[in-house]
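Okay, so the sequence shown: first residue is 180 according to the working numbering, each after it adds one.
All remarks here apply to the structure that follows.
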Amino acid sequence: MNTTPTHYDTAPEDRVSNVHKVIYGLGAFVNNLLAAAIGGMAIVLNLGLGMNPALVGLLGALPRLMDALTDPLMGYISDHTRSRWGRRRPYIFAGAIAAGVCFALLWQLPEGKSESYYFWFFLIGSLVFYLGYTIFATPWVALGYELTPDYHERTRLMAVQNFMGQLAYLLSPWFLWFMQDETLFNDLRDGASWLALIIAVAVIVIGVIPAIFLRERYSDIAVAENLEPEIEKISAWASLRHSLADFVQGFIITLKFSPFMKLCLATFMVFNGFMLVASFQFYVIIYYVFGGDQKLGAEYAGWAGTVSAIATFCVILLVSGLATRYGKRRAFFITTGISIFGYALKWFCYSPDYPLLLLVPAPFIAFGLGGLFTLMGSMIADVCDLDELATHERREGMFGSIYWWVVKLGMAAALAAGGFLLNATGFDVALGGDQAANTIFWMRVCDVVVPIIASCIAIWAIFSYPITEAKAHSVRLELEARRGKVE
(Lines of atoms letter the chains of each structure in order from A and count residues from 1; the text may use other names and numbers.)
(Lines give C-alpha, C1' and ligand atoms only; values in the text may rest on other atoms or scores of the structure.)
Protein backbone atom coordinates (compact mmCIF):
# COMPACT_ATOMS: atom_id res chain seq x y z
CA MET A 1 0.00 0.00 0.00
CA ASN A 2 1.41 3.41 -0.98
CA THR A 3 1.37 5.78 2.02
CA THR A 4 2.91 8.71 0.14
CA PRO A 5 0.29 11.43 -0.51
CA THR A 6 -0.19 13.30 -3.77
CA HIS A 7 2.64 15.81 -4.13
CA TYR A 8 2.70 19.16 -5.98
CA ASP A 9 5.90 21.11 -6.60
CA THR A 10 6.22 24.66 -5.29
CA ALA A 11 6.12 27.32 -8.01
CA PRO A 12 8.99 29.87 -7.93
CA GLU A 13 6.58 32.77 -7.35
CA ASP A 14 5.18 31.02 -4.28
CA ARG A 15 8.54 30.72 -2.53
CA VAL A 16 9.48 33.01 0.34
CA SER A 17 13.16 34.00 0.28
CA ASN A 18 15.35 32.70 3.08
CA VAL A 19 16.01 36.26 4.23
CA HIS A 20 12.30 36.98 4.57
CA LYS A 21 11.73 33.66 6.34
CA VAL A 22 14.35 34.63 8.91
CA ILE A 23 12.87 38.11 9.28
CA TYR A 24 9.45 36.62 9.94
CA GLY A 25 11.14 34.24 12.37
CA LEU A 26 12.45 37.19 14.39
CA GLY A 27 8.83 37.83 15.34
CA ALA A 28 8.66 34.26 16.65
CA PHE A 29 11.75 34.90 18.78
CA VAL A 30 10.08 37.96 20.32
CA ASN A 31 6.78 36.14 20.79
CA ASN A 32 8.41 33.14 22.50
CA LEU A 33 10.78 35.29 24.54
CA LEU A 34 7.85 37.15 26.10
CA ALA A 35 5.88 33.95 26.67
CA ALA A 36 8.84 32.12 28.21
CA ALA A 37 9.85 35.08 30.34
CA ILE A 38 6.43 35.77 31.84
CA GLY A 39 6.07 32.07 32.69
CA GLY A 40 9.61 31.33 33.83
CA MET A 41 10.07 34.52 35.85
CA ALA A 42 6.82 33.99 37.76
CA ILE A 43 8.73 31.69 40.13
CA VAL A 44 10.25 34.89 41.58
CA LEU A 45 6.88 35.75 43.10
CA ASN A 46 7.00 32.53 45.12
CA LEU A 47 10.67 31.92 45.86
CA GLY A 48 11.70 35.59 45.97
CA LEU A 49 8.68 37.30 47.53
CA GLY A 50 7.05 34.37 49.36
CA MET A 51 3.72 34.57 47.54
CA ASN A 52 1.41 31.54 47.78
CA PRO A 53 1.82 29.29 44.68
CA ALA A 54 -1.95 29.34 44.12
CA LEU A 55 -1.91 33.15 43.91
CA VAL A 56 1.02 32.98 41.50
CA GLY A 57 -1.04 30.61 39.36
CA LEU A 58 -3.99 33.00 39.41
CA LEU A 59 -1.73 35.83 38.24
CA GLY A 60 -0.87 33.71 35.23
CA ALA A 61 -4.48 32.77 34.51
CA LEU A 62 -6.58 35.89 35.16
CA PRO A 63 -5.17 38.05 32.33
CA ARG A 64 -6.29 35.35 29.91
CA LEU A 65 -9.89 36.30 30.67
CA MET A 66 -9.15 39.67 29.08
CA ASP A 67 -7.31 37.95 26.22
CA ALA A 68 -10.50 36.05 25.42
CA LEU A 69 -11.91 39.37 24.18
CA THR A 70 -8.85 41.38 23.14
CA ASP A 71 -7.21 38.68 20.99
CA PRO A 72 -10.18 38.07 18.64
CA LEU A 73 -10.97 41.80 18.65
CA MET A 74 -7.40 42.58 17.61
CA GLY A 75 -7.66 39.93 14.92
CA TYR A 76 -10.86 41.49 13.60
CA ILE A 77 -9.35 44.99 13.66
CA SER A 78 -6.28 43.79 11.79
CA ASP A 79 -8.36 41.96 9.17
CA HIS A 80 -10.40 45.10 8.49
CA THR A 81 -7.68 47.75 8.68
CA ARG A 82 -7.10 49.77 5.50
CA SER A 83 -3.87 51.78 5.48
CA ARG A 84 -1.01 52.63 3.15
CA TRP A 85 1.20 50.32 5.27
CA GLY A 86 -1.19 47.35 5.10
CA ARG A 87 -3.39 45.47 7.55
CA ARG A 88 -0.71 44.02 9.85
CA ARG A 89 2.51 46.01 9.82
CA PRO A 90 1.45 49.16 11.75
CA TYR A 91 0.25 47.06 14.69
CA ILE A 92 3.36 44.86 14.70
CA PHE A 93 5.56 47.96 14.92
CA ALA A 94 3.57 49.69 17.67
CA GLY A 95 2.88 46.48 19.57
CA ALA A 96 6.55 45.53 19.86
CA ILE A 97 7.34 48.88 21.47
CA ALA A 98 4.33 48.76 23.81
CA ALA A 99 4.97 45.16 24.91
CA GLY A 100 8.65 45.82 25.62
CA VAL A 101 8.03 48.93 27.72
CA CYS A 102 5.20 47.34 29.70
CA PHE A 103 7.22 44.18 30.40
CA ALA A 104 10.11 46.19 31.81
CA LEU A 105 7.81 48.17 34.10
CA LEU A 106 5.96 45.03 35.24
CA TRP A 107 9.04 43.66 37.01
CA GLN A 108 10.10 46.83 38.80
CA LEU A 109 8.64 45.41 42.01
CA PRO A 110 9.04 47.61 45.11
CA GLU A 111 10.75 46.12 48.14
CA GLY A 112 9.14 45.14 51.45
CA LYS A 113 5.47 45.14 50.45
CA SER A 114 2.68 42.76 51.50
CA GLU A 115 1.53 39.71 49.56
CA SER A 116 -1.72 41.52 48.70
CA TYR A 117 0.21 44.52 47.36
CA TYR A 118 2.37 42.36 45.09
CA PHE A 119 -0.69 40.47 43.84
CA TRP A 120 -2.56 43.59 42.74
CA PHE A 121 0.55 45.36 41.44
CA PHE A 122 1.40 42.39 39.24
CA LEU A 123 -2.19 41.72 38.16
CA ILE A 124 -2.83 45.29 36.96
CA GLY A 125 0.58 45.45 35.30
CA SER A 126 -0.02 42.11 33.58
CA LEU A 127 -3.31 43.30 32.09
CA VAL A 128 -1.58 46.29 30.51
CA PHE A 129 1.38 44.19 29.33
CA TYR A 130 -0.80 41.55 27.68
CA LEU A 131 -2.70 44.23 25.79
CA GLY A 132 0.55 45.41 24.21
CA TYR A 133 1.57 41.79 23.63
CA THR A 134 -1.70 41.16 21.77
CA ILE A 135 -1.26 44.22 19.55
CA PHE A 136 2.09 42.81 18.41
CA ALA A 137 1.47 39.07 18.30
CA THR A 138 -1.95 38.81 16.62
CA PRO A 139 -1.07 40.73 13.41
CA TRP A 140 2.36 39.07 13.29
CA VAL A 141 0.77 35.60 13.34
CA ALA A 142 -1.76 36.59 10.68
CA LEU A 143 1.01 37.96 8.46
CA GLY A 144 2.66 34.54 8.39
CA TYR A 145 -0.48 32.85 7.09
CA GLU A 146 -0.50 35.06 4.00
CA LEU A 147 3.19 35.14 3.02
CA THR A 148 2.72 32.19 0.63
CA PRO A 149 -0.24 30.24 -0.80
CA ASP A 150 1.76 27.01 -1.29
CA TYR A 151 1.00 23.95 0.87
CA HIS A 152 4.64 22.93 1.40
CA GLU A 153 6.20 26.39 1.41
CA ARG A 154 3.93 27.20 4.34
CA THR A 155 5.47 24.32 6.28
CA ARG A 156 8.99 25.45 5.37
CA LEU A 157 8.16 29.01 6.44
CA MET A 158 6.74 27.81 9.74
CA ALA A 159 9.77 25.57 10.24
CA VAL A 160 12.08 28.57 9.96
CA GLN A 161 9.98 30.74 12.25
CA ASN A 162 9.72 27.92 14.79
CA PHE A 163 13.49 27.40 14.56
CA MET A 164 14.04 31.10 15.23
CA GLY A 165 11.48 31.08 18.02
CA GLN A 166 13.26 28.22 19.78
CA LEU A 167 16.26 30.47 20.30
CA ALA A 168 14.20 32.08 23.08
CA TYR A 169 13.83 28.70 24.80
CA LEU A 170 17.59 28.25 24.55
CA LEU A 171 17.90 31.31 26.78
CA SER A 172 14.89 31.06 29.09
CA PRO A 173 15.97 28.00 31.14
CA TRP A 174 18.83 30.15 32.47
CA PHE A 175 16.64 33.01 33.65
CA LEU A 176 16.35 31.69 37.23
CA TRP A 177 20.08 31.02 37.39
CA PHE A 178 20.79 34.56 36.17
CA MET A 179 18.32 36.26 38.52
CA GLN A 180 19.69 34.58 41.65
CA ASP A 181 23.35 35.35 40.90
CA GLU A 182 24.52 36.90 44.18
CA THR A 183 27.55 38.53 42.54
CA LEU A 184 25.28 40.65 40.34
CA PHE A 185 22.08 41.21 42.33
CA ASN A 186 20.95 41.69 45.91
CA ASP A 187 18.10 39.17 45.63
CA LEU A 188 15.71 37.52 43.17
CA ARG A 189 13.53 40.62 43.01
CA ASP A 190 16.49 42.77 42.00
CA GLY A 191 17.61 40.16 39.45
CA ALA A 192 14.14 40.05 37.90
CA SER A 193 14.04 43.83 37.46
CA TRP A 194 17.32 43.87 35.52
CA LEU A 195 16.47 40.80 33.44
CA ALA A 196 13.16 42.42 32.47
CA LEU A 197 14.99 45.52 31.21
CA ILE A 198 17.31 43.39 29.06
CA ILE A 199 14.36 41.46 27.61
CA ALA A 200 12.43 44.69 26.94
CA VAL A 201 15.25 46.16 24.85
CA ALA A 202 15.51 42.95 22.81
CA VAL A 203 11.73 42.88 22.23
CA ILE A 204 11.60 46.45 20.95
CA VAL A 205 14.69 46.33 18.73
CA ILE A 206 13.95 42.92 17.17
CA GLY A 207 10.15 43.12 17.18
CA VAL A 208 9.86 46.05 14.78
CA ILE A 209 11.98 44.38 12.06
CA PRO A 210 9.17 42.23 10.51
CA ALA A 211 6.97 45.33 10.28
CA ILE A 212 9.65 47.20 8.37
CA PHE A 213 10.85 44.56 5.88
CA LEU A 214 7.93 42.20 5.14
CA ARG A 215 5.07 42.78 2.73
CA GLU A 216 1.46 41.54 2.81
CA ARG A 217 0.40 39.24 -0.04
CA TYR A 218 -3.39 39.30 0.44
CA SER A 219 -3.94 42.93 1.43
CA ASP A 220 -5.45 43.94 -1.93
CA ILE A 221 -7.54 40.76 -2.10
CA ALA A 222 -8.89 41.44 1.38
CA VAL A 223 -9.84 44.99 0.43
CA ALA A 224 -11.71 43.75 -2.65
CA GLU A 225 -13.53 40.97 -0.78
CA ASN A 226 -14.32 42.83 2.45
CA LEU A 227 -15.16 46.20 0.90
CA GLU A 228 -18.39 47.65 2.30
CA PRO A 229 -18.97 51.04 0.65
CA GLU A 230 -22.31 51.71 2.33
CA ILE A 231 -20.74 51.80 5.81
CA GLU A 232 -19.21 55.22 5.12
CA LYS A 233 -22.65 56.74 4.47
CA ILE A 234 -24.23 55.90 7.80
CA SER A 235 -23.78 57.38 11.25
CA ALA A 236 -20.80 56.57 13.45
CA TRP A 237 -23.07 54.81 15.96
CA ALA A 238 -24.69 52.67 13.26
CA SER A 239 -21.23 51.89 11.86
CA LEU A 240 -20.05 50.79 15.31
CA ARG A 241 -23.09 48.55 15.76
CA HIS A 242 -22.51 47.05 12.33
CA SER A 243 -18.85 46.36 13.14
CA LEU A 244 -19.72 44.74 16.47
CA ALA A 245 -22.33 42.55 14.81
CA ASP A 246 -19.87 41.64 12.08
CA PHE A 247 -17.22 40.81 14.69
CA VAL A 248 -19.58 38.56 16.66
CA GLN A 249 -20.75 36.82 13.51
CA GLY A 250 -17.19 36.22 12.33
CA PHE A 251 -16.19 34.96 15.77
CA ILE A 252 -19.04 32.44 15.85
CA ILE A 253 -18.33 31.25 12.29
CA THR A 254 -14.69 30.69 13.24
CA LEU A 255 -15.58 28.69 16.35
CA LYS A 256 -17.97 26.52 14.31
CA PHE A 257 -15.31 25.67 11.72
CA SER A 258 -14.56 22.06 12.60
CA PRO A 259 -11.06 21.65 11.06
CA PHE A 260 -9.87 24.74 12.91
CA MET A 261 -11.28 23.63 16.25
CA LYS A 262 -9.50 20.28 15.93
CA LEU A 263 -6.21 22.17 15.59
CA CYS A 264 -7.07 24.34 18.60
CA LEU A 265 -7.89 21.37 20.80
CA ALA A 266 -4.71 19.55 19.83
CA THR A 267 -2.61 22.64 20.48
CA PHE A 268 -4.24 23.29 23.83
CA MET A 269 -3.50 19.75 24.96
CA VAL A 270 0.10 19.49 23.76
CA PHE A 271 1.10 22.99 24.81
CA ASN A 272 -0.80 22.85 28.09
CA GLY A 273 0.91 19.59 28.99
CA PHE A 274 4.34 21.00 28.17
CA MET A 275 3.82 24.29 30.02
CA LEU A 276 2.56 22.48 33.10
CA VAL A 277 5.81 20.55 33.06
CA ALA A 278 7.82 23.70 32.40
CA SER A 279 6.48 25.39 35.54
CA PHE A 280 6.20 22.23 37.65
CA GLN A 281 9.44 20.41 36.85
CA PHE A 282 11.58 23.10 38.50
CA TYR A 283 10.14 21.98 41.83
CA VAL A 284 10.63 18.28 41.02
CA ILE A 285 14.25 18.84 40.04
CA ILE A 286 15.05 21.11 42.99
CA TYR A 287 13.22 19.23 45.76
CA TYR A 288 13.41 15.62 44.55
CA VAL A 289 16.60 15.28 42.53
CA PHE A 290 18.64 17.81 44.55
CA GLY A 291 16.94 17.70 47.96
CA GLY A 292 16.02 21.40 48.06
CA ASP A 293 19.27 22.87 46.67
CA GLN A 294 17.85 25.75 44.58
CA LYS A 295 21.13 26.84 43.05
CA LEU A 296 22.19 23.38 41.87
CA GLY A 297 18.65 22.54 40.79
CA ALA A 298 18.41 25.73 38.73
CA GLU A 299 21.73 24.93 37.04
CA TYR A 300 20.68 21.41 36.02
CA ALA A 301 17.24 22.64 34.96
CA GLY A 302 19.04 25.15 32.77
CA TRP A 303 21.10 22.41 31.16
CA ALA A 304 17.98 20.29 30.58
CA GLY A 305 16.29 23.26 28.93
CA THR A 306 19.33 23.87 26.76
CA VAL A 307 19.42 20.23 25.62
CA SER A 308 15.69 20.43 24.87
CA ALA A 309 16.12 23.61 22.82
CA ILE A 310 19.01 22.16 20.80
CA ALA A 311 17.00 18.98 20.17
CA THR A 312 14.03 21.07 19.05
CA PHE A 313 16.17 22.67 16.36
CA CYS A 314 16.89 19.20 14.98
CA VAL A 315 13.22 18.18 15.27
CA ILE A 316 12.09 21.19 13.24
CA LEU A 317 14.38 20.17 10.40
CA LEU A 318 12.94 16.65 10.49
CA VAL A 319 9.29 17.73 10.65
CA SER A 320 9.34 19.59 7.35
CA GLY A 321 10.58 16.44 5.60
CA LEU A 322 8.07 14.24 7.41
CA ALA A 323 5.19 16.53 6.43
CA THR A 324 6.25 16.49 2.78
CA ARG A 325 6.60 12.71 2.66
CA TYR A 326 3.69 11.58 4.84
CA GLY A 327 1.44 14.63 5.15
CA LYS A 328 1.04 17.10 8.01
CA ARG A 329 -1.43 14.97 9.98
CA ARG A 330 0.77 11.86 10.08
CA ALA A 331 3.82 13.97 10.89
CA PHE A 332 1.92 15.25 13.94
CA PHE A 333 1.19 11.69 15.10
CA ILE A 334 4.87 10.75 14.85
CA THR A 335 6.25 13.77 16.71
CA THR A 336 3.63 13.74 19.47
CA GLY A 337 4.08 10.00 20.00
CA ILE A 338 7.82 10.44 20.50
CA SER A 339 7.20 13.21 23.05
CA ILE A 340 4.91 10.87 25.03
CA PHE A 341 7.81 8.42 25.27
CA GLY A 342 9.99 11.27 26.57
CA TYR A 343 7.54 12.20 29.31
CA ALA A 344 7.39 8.57 30.44
CA LEU A 345 11.20 8.45 30.67
CA LYS A 346 11.15 11.19 33.33
CA TRP A 347 9.87 8.72 35.91
CA PHE A 348 13.04 6.68 35.55
CA CYS A 349 15.59 9.36 34.67
CA TYR A 350 14.82 11.96 37.35
CA SER A 351 16.98 10.30 40.00
CA PRO A 352 18.79 11.73 43.06
CA ASP A 353 21.48 9.08 42.59
CA TYR A 354 22.19 9.93 38.93
CA PRO A 355 21.23 13.58 38.38
CA LEU A 356 22.76 13.74 34.90
CA LEU A 357 20.08 11.31 33.71
CA LEU A 358 17.53 14.14 33.86
CA LEU A 359 18.99 15.31 30.53
CA VAL A 360 17.93 12.08 28.76
CA PRO A 361 14.15 12.72 28.37
CA ALA A 362 14.64 16.27 27.07
CA PRO A 363 15.40 15.43 23.39
CA PHE A 364 12.35 13.15 23.13
CA ILE A 365 10.03 15.67 24.80
CA ALA A 366 11.29 18.28 22.32
CA PHE A 367 9.43 16.49 19.52
CA GLY A 368 6.14 17.71 21.02
CA LEU A 369 6.53 21.47 20.59
CA GLY A 370 9.01 21.11 17.74
CA GLY A 371 6.36 19.37 15.67
CA LEU A 372 3.38 21.30 17.02
CA PHE A 373 4.31 24.86 16.07
CA THR A 374 5.85 23.86 12.76
CA LEU A 375 2.78 21.95 11.62
CA MET A 376 -0.06 23.91 13.20
CA GLY A 377 0.84 27.27 11.66
CA SER A 378 1.03 25.65 8.24
CA MET A 379 -2.27 23.81 8.77
CA ILE A 380 -4.07 26.96 9.91
CA ALA A 381 -2.93 28.74 6.74
CA ASP A 382 -4.63 25.91 4.81
CA VAL A 383 -7.73 26.40 6.95
CA CYS A 384 -7.78 30.12 6.06
CA ASP A 385 -8.01 29.21 2.37
CA LEU A 386 -10.87 26.79 3.00
CA ASP A 387 -12.63 29.48 5.03
CA GLU A 388 -12.21 32.05 2.24
CA LEU A 389 -13.82 29.61 -0.16
CA ALA A 390 -16.88 29.47 2.10
CA THR A 391 -17.09 33.06 3.40
CA HIS A 392 -15.44 35.17 0.63
CA GLU A 393 -13.22 36.80 3.30
CA ARG A 394 -9.54 36.70 4.23
CA ARG A 395 -9.68 36.30 8.01
CA GLU A 396 -6.14 35.32 9.01
CA GLY A 397 -6.31 37.73 11.93
CA MET A 398 -9.41 36.14 13.41
CA PHE A 399 -8.09 32.60 13.03
CA GLY A 400 -4.65 33.53 14.33
CA SER A 401 -6.03 35.44 17.30
CA ILE A 402 -8.32 32.64 18.45
CA TYR A 403 -5.63 30.03 17.90
CA TRP A 404 -3.00 31.93 19.89
CA TRP A 405 -5.50 32.79 22.56
CA VAL A 406 -5.89 29.04 22.98
CA VAL A 407 -2.10 28.79 23.24
CA LYS A 408 -1.99 31.52 25.89
CA LEU A 409 -4.98 30.00 27.63
CA GLY A 410 -3.05 26.74 27.76
CA MET A 411 -0.08 28.53 29.30
CA ALA A 412 -2.33 30.25 31.84
CA ALA A 413 -4.11 27.01 32.68
CA ALA A 414 -0.73 25.34 33.19
CA LEU A 415 0.48 28.12 35.49
CA ALA A 416 -2.74 28.04 37.50
CA ALA A 417 -2.89 24.25 37.63
CA GLY A 418 0.77 24.11 38.56
CA GLY A 419 0.20 26.29 41.60
CA PHE A 420 -2.89 24.44 42.80
CA LEU A 421 -1.37 21.02 42.09
CA LEU A 422 1.71 22.03 44.05
CA ASN A 423 -0.48 22.94 47.02
CA ALA A 424 -2.47 19.73 46.61
CA THR A 425 0.70 17.62 46.88
CA GLY A 426 1.38 19.18 50.28
CA PHE A 427 4.40 21.19 49.16
CA ASP A 428 5.58 23.81 51.67
CA VAL A 429 8.36 26.16 50.63
CA ALA A 430 9.28 26.72 54.27
CA LEU A 431 10.33 23.06 54.61
CA GLY A 432 13.03 23.41 51.98
CA GLY A 433 14.55 20.01 51.23
CA ASP A 434 12.56 18.30 53.99
CA GLN A 435 9.38 17.78 51.97
CA ALA A 436 7.28 14.73 52.90
CA ALA A 437 7.87 11.55 50.90
CA ASN A 438 4.20 11.50 49.87
CA THR A 439 4.52 15.09 48.58
CA ILE A 440 7.52 14.16 46.43
CA PHE A 441 5.71 11.11 45.05
CA TRP A 442 2.65 13.08 43.90
CA MET A 443 4.80 15.85 42.48
CA ARG A 444 6.50 13.25 40.29
CA VAL A 445 3.20 11.63 39.26
CA CYS A 446 1.73 14.96 38.12
CA ASP A 447 4.94 15.82 36.29
CA VAL A 448 4.78 12.64 34.20
CA VAL A 449 1.13 11.59 33.84
CA VAL A 450 -0.61 14.89 33.05
CA PRO A 451 1.33 15.71 29.83
CA ILE A 452 1.01 12.11 28.61
CA ILE A 453 -2.78 12.19 28.93
CA ALA A 454 -2.94 15.63 27.29
CA SER A 455 -0.84 14.45 24.31
CA CYS A 456 -3.05 11.39 23.79
CA ILE A 457 -6.13 13.62 23.60
CA ALA A 458 -4.33 15.78 21.00
CA ILE A 459 -3.67 12.75 18.78
CA TRP A 460 -7.34 11.81 19.00
CA ALA A 461 -8.37 15.36 17.96
CA ILE A 462 -6.20 15.38 14.82
CA PHE A 463 -7.16 11.86 13.74
CA SER A 464 -10.11 13.17 11.68
CA TYR A 465 -8.51 16.41 10.41
CA PRO A 466 -9.65 16.58 6.74
CA ILE A 467 -7.27 18.87 4.79
CA THR A 468 -4.75 16.83 2.78
CA GLU A 469 -2.31 18.18 0.20
CA ALA A 470 -4.71 17.23 -2.60
CA LYS A 471 -7.59 18.99 -0.83
CA ALA A 472 -5.50 22.13 -0.23
CA HIS A 473 -4.44 22.20 -3.89
CA SER A 474 -8.04 21.89 -5.05
CA VAL A 475 -9.14 24.74 -2.76
CA ARG A 476 -6.39 26.99 -4.06
CA LEU A 477 -7.39 26.39 -7.69
CA GLU A 478 -11.00 27.26 -6.90
CA LEU A 479 -9.97 30.45 -5.09
CA GLU A 480 -7.71 31.64 -7.87
CA ALA A 481 -10.33 30.88 -10.48
CA ARG A 482 -12.85 32.91 -8.51
CA ARG A 483 -10.41 35.79 -8.13
CA GLY A 484 -9.81 35.73 -11.89
CA LYS A 485 -6.11 34.92 -11.55
CA VAL A 486 -6.01 31.66 -13.50
CA GLU A 487 -5.40 32.12 -17.24
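All C-beta atoms, glycine included, are put in the ideal place defined by N, C-alpha and C.
The structure presented is a predicted model; accordingly, all values stated were derived computationally and were not measured.
For Y462, same chain residues with a beta-carbon under 8 angstroms away, outside a window of 5 residues either side, are L601, F606 and M622 in chain order. Separation of G229 and L237 (C-alpha to C-alpha, rounded to the nearest whole angstrom) is 15 angstroms.
Secondary structure note for R368: its alpha helix (DSSP H) is the uninterrupted segment L367 to G386. A direct Cα-to-Cα measurement between T491 and G484 gives close to 10 angstroms. Between the alpha carbons of A371 and Q287 lies a gap of roughly 8 angstroms. Classified as exposed, L496 has fewer than 16 neighbouring CB atoms from the shown chains inside 10 Å of its CB. By a beta-carbon distance limit of 8 angstroms, Y348 contacts N211. Their separation comes to about 6 angstroms. Comparing C-alpha distances from P630 to each of V586, F364 and I519 shows the shortest one belongs to I519. Assignment of A615 by DSSP, reduced to helix, strand and coil, places it in the coil class.
For L363 and G291, the gap between their C-alpha atoms comes out near 20 angstroms. Contact check for G227 against L367 passes: the beta carbons are separated by less than 8 angstroms. Distance between A609 and N225, taken at the CA atoms: about 11 angstroms. Counting along the chain, P318 sits inside the alpha helix (DSSP H) bounded by residues E294 to Y324. DSSP places L363 outside both helix and strand once states are collapsed to three, so it counts as coil. Of the candidates L524, F511 and V539, the residue whose Cα lies closest to the Cα of I638 is F511.
Every candidate beta strand (DSSP E) stretch fails here, since none sits fully inside the stretch 448-526 while reaching 3 residues. Setting aside the 5 residues that flank it on each side, Y330 is surrounded in the same chain by E648 and A651, each with a C-beta closer than 6 angstroms to its C-beta; the list follows chain order. The shortest C-alpha to C-alpha distance from D425 to any of I641, N617, A240 and I256 is the one to I256. Distance from the Cα of V654 is smallest, within the candidate group L355, L568, G304 and L501, for L568. For A381, the closest C-alpha among the options S437, G279, L455 and V456 is that of G279.
W356: member of the alpha helix (DSSP H) spanning F354 to M358, first to last residue.
Residues of the same chain with a CB within less than 6 angstroms of the CB of P242, apart from the 5 flanking positions on each side, are S305, L306 and Y309 in chain order. In the structure shown, P531 falls within a coil segment according to DSSP collapsed to helix, strand and coil. Counting only residues of its own chain and dropping the five nearest sequence neighbours on each side, L205 has a CB closer than 7 angstroms to the CB of M343, I385, I388 and P389. Leaving aside the five residues that flank R194 on each side, the residues in its chain whose CB is nearer than 8 angstroms to its CB run, in chain order, T327, D329 and E332. Going by C-alpha positions, C493 is about 28 angstroms away from L475.
With three or more CB-CB distances shorter than 8 angstroms, the stretch 439-458 counts as touching the stretch 548-556.
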